[in-house]
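In full-length UniProt numbering, the protein residues as written are 1 to 365.
Ideal Cβ positions, reconstructed from N, Cα and C, are used throughout, including at glycine.
Remember, predicted model here, so these are calculated numbers, not experimental data.
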Ligand code: CP3
């Protein structure tokens, strides 16, 4: 623990804590990934994606790759949200070109009743080891973000057995057997709490909950089957840790994709920031959320397929929409969802420099 140092660039943490910053900090969801040739090379070396995730040295290498190219304001642990169900015994695998799949999805009542909170030290040690390795390698360059899926989003994969376009199985269970659904969400919430706190203990300086499929729920169902569990998690997260010589406060981000209708609800989880996708108007979001928490987002990832001048225009529009953060407000620039694997890395450079330069200029005028 004593090997850890405080971040030299703390712009990201300051924005999450709604303190004044010289410019708007930026990072990208999936910033380490297939759009980078160096990522594809390391992944080929590891054999496959899970080979990368389970090897702390290689996970560290790919986490740092985008930071060597771009002046990003945060690093995010290289891993996946589906490590938790894998640790619960569902047997995660990635079929080439088909996305994630489970060998043993939750089908029967007995499957659900057997579900247990995994012991993190035994099953997910490769993740906490990666966190410590990355934190040490960063050596204070920028803060490190840890993450987890939301219980509802994890349940979608656990019941569907993989990605789904209609969520038929998981919603059938939710409507027919809400008791079973709540049992899955209860066990998974406890797992997420233990997992995120273990990442914090291992060195994570902020944590994010990816509720990628919360937006697939009906109003009413969202509050019961996703929001309530995220609220429970946020309340159970360590707020502050002792790093041996200095203390760190740990901000949290809740990102519900498609959650624009429920911003006030999401702000009420007690998280430090609400992540928003590109359907949200930042000025309106800021008014609705007020000074309850910061906002992270929200450029359409597909804007990166436009020409450089157009990307700069879209970045300026988003920054102007939020406005210069006044005391009690905070904005972290990000995409509205993960970056596409087909993105030209040079366009990412254009976007990041535009965020830094334009947001500095706004503060000076
Ligand atoms: O943001 C980062 O750079 C950190 C790493 C990260 C990954 N997955 C790496 C990854 C994070 C934060 C995730 C989260 C994740 N994983 C989510 C939530 C965010 C979201 O996108 O909504 C979800 C739903 C998953 C599940 C998952 N993992 C899917 C659906 C896929 C297939 C995606 C695809 O485009 O094929 C993955 C695999 C995955 N996770 C990749 C990466 C870089 C691609 C793996 C590869 O190299 O082939």
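| Item | Value |
| --- | --- |
| Whole-Å CB distance - residue 247 paired with residue 203, under 8 Å assumed | In fact, because the Cβ distance is near 14 Å, the residues do not count as touching under 8 Å. |
| Between the CA atoms of residue 3 and residue 244 - distance to the nearest angstrom | 9 Å |
| Residue 82 beta carbon near the ligand CP3 (any heavy atom closer than 7 Å) | yes |
| Three-state secondary structure assigned by DSSP to residue 252 | strand |
| Beta-carbon separation (whole angstroms), residue 157 vs residue 85, contact threshold 8 Å | 6 Å |
| Option nearest residue 231 by Cα separation, candidates 32, 288, 256, 7 | 256 |
| 8 Å Cβ shell around residue 100 - same chain, five flanking residues per side excluded | 80, 82, 92, 93, 94, 157, 162, 163 |
| Residue closest to residue 130, alpha-carbon to alpha-carbon, out of 145, 117, 116 | 145 |
| C-alpha gap between residue 192 and residue 89, whole angstroms | 15 Å |
| Stretch-stretch touch, CB-based, cutoff 8 Å, three pairs: the region 51 to 65 with the region 13 to 25 | no |
| Any 3 or more C-beta pairs closer than 8 Å across the region 289 to 305 and the region 45 to 58 | no |
| Element boundaries [alpha helix (DSSP H), containing residue 61] | 56 to 69 |
| Delimiting residues of the alpha helix (DSSP H) encompassing residue 263 | 263 to 267 |
| Assumed close pair residue 187, residue 115 - CB separation to whole angstroms, cut-off 8 Å | 5 Å |
| Residue burial classification, residue 297 (beta-carbon count within 10 angstroms, cutoff 16) | buried |
| Proximity test, residue 163 beta-carbon vs the ligand CP3 heavy atom, cut-off 7 Å | yes |
| Limits of the unbroken alpha helix (DSSP H) element including residue 176 | 168 to 176 |
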